[in-house]
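Novice: Below you will find the structure I want to go over with you.
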Amino acid sequence: MATTTVSSVPLSLNDRITAGILALLIGGFLVFGAGLANSAVLHDTAHDVRHAYGFPCH
């Protein structure tokens with residue numbers, strides 16, 4: 031039988047807010063930056079990925 035030990039480090043409120051804002055910026059770029067790009071290849075790739083994840087894009 032295997033045992034697993036998990037340890038966690040508590041994050042301060044400032045660290046959690048920073049991580050949340052960074053995640054929102056990266057997510058916003060992926061959805062809007064790639065989704066609204068003029069490059070046909072970039073747009074088509076993002077479109078196919080959205081369909082693969084079940085994201086309604088149209």
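Residue numbers (my numbering): 31 to 88. Just so it is clear, CB atoms sit at the ideal spot from N, CA and C, and this is done for glycine as well.
#1: For serine 69 and threonine 34, I'd like the C-alpha separation in whole angstroms.
#2: Can the beta-carbon of leucine 65 be found less than 7 Å from the beta-carbon of alanine 76?
#3: Looking at the secondary structure, which residues open and close the alpha helix (DSSP H) in which valine 39 lies?
Specialist: Concretely, from the data shown:
#1: The straight-line gap separating the alpha-carbon atoms of serine 69 and threonine 34 is approximately 47 Å.
#2: As written in the sequence, residue 65 is glycine, which differs from the leucine given in the question. Result yes, Cβ atoms of glycine 65 and alanine 76 sit closer than 7 Å.
#3: Boundaries for valine 39: no alpha helix (DSSP H) harbours it, and the DSSP string shows neither H nor E there.
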